[in-house]
Every structure is written in structure tokens, then in C-alpha cells.
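One structure below.
Residue numbers (our numbering): 6 to 133.
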């Protein structure tokens, strides 16, 4: 019985470690680029670990919605974008302006909201 419990715990630990590796890894942002998840995209225009401007876009559906987004980094910077009523089939866009250098390995994330519900969460890791 003790061996069975130990094997189960070891299996759970291995699975948790594998999931953690998938979550921690992600596309690196060594250069300007665009990363998307579901209906939300985040776009950077700077290279390396400096972020001057970050653009967030949220694709709307076939109904008008109130849309907004939140942008943040894992080392404490965050900003909320404007709230906008968007017509059907329109894409909401707004910018955040960190205007600073972040340590390599910092994660930049953006979460978009459509009608109060989260509709995507792209993240990217900043590298030199």
C-alpha cells in the first residue's frame, strides 16, 4: 500500500512539473512581434528587454460589446486600457506605454475582456 501511494505521488509530481514547464516556456520576445491567444493579441514594437509601447487588440463577435484589456509584467508593472463600446465585427485596439527596461525573463501578458468575460490571455517572455 505504501509503495502504491508513493508511486501515485511521484506520478502527480511528474505531471505537475511537466505542466509547469509548458506554462513557463513560451515564445521569447527578443524582437518586435505579435502574439495571440484566442481573441486577444499583444504586439510589441521594441527589441530586447525595453518596452516603449504595447498594443492590445481584441476581436469582437457578431454583437456589440463593451471591451477592455489589462496589460502587465511579472515584475509588477501593469496598466488597464480604455473601455470602449465596439460594434459587431470590429476589432478593439488600444496601447499601453511601459517605457522602461525589464529584466530578461520577465513575462509580458495581456488579457482581453468582452462583455466582462475574459476572451484571451497571450503572454510572451522578454529576452535580450
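We put the beta carbon where it would ideally sit given N, CA and C, even for glycine.
Quick check on residue i: does DSSP put it in helix, strand or coil?
{"i": "residue 123", "result": "strand"}
{"i": "residue 87", "result": "coil"}
{"i": "residue 49", "result": "strand"}
{"i": "residue 114", "result": "strand"}
{"i": "residue 27", "result": "The predicted model places residue 27 with a pLDDT of 39, which falls under 50 and marks its position as unreliable; any figure quoted below should be read in that light. Residue 27: helix per DSSP, three-state reduction."}
{"i": "residue 134", "result": "Because residue 134 is not part of the residues shown, which for the chain are 6 to 133, the question remains open."}
{"i": "residue 132", "result": "coil"}
Just curious, the beta strand (DSSP E) that residue i is in, first and last residue?
{"i": "residue 97", "result": "96-101"}
{"i": "residue 3", "result": "Only positions 6 to 133 of the chain appear in the structure, and residue 3 is not among them; the question remains open."}
{"i": "residue 42", "result": "38-42"}
When the Cα of residue i is compared with those of the options, which residue comes out closest?
{"i": "residue 46", "options": "76, 104, 110, 111", "result": "76"}
{"i": "residue 106", "options": "38, 133, 98", "result": "133"}
{"i": "residue 88", "options": "71, 94, 82, 81", "result": "71"}
{"i": "residue 42", "options": "130, 121, 114, 122", "result": "114"}
{"i": "residue 82", "options": "38, 111, 124", "result": "111"}
Is the beta carbon of residue i less than 8 Å from the beta carbon of residue j?
{"i": "residue 108", "j": "residue 54", "result": "yes"}
{"i": "residue 127", "j": "residue 56", "result": "no"}
{"i": "residue 74", "j": "residue 118", "result": "yes"}
{"i": "residue 62", "j": "residue 86", "result": "no"}
{"i": "residue 44", "j": "residue 59", "result": "no"}
{"i": "residue 92", "j": "residue 67", "result": "no"}
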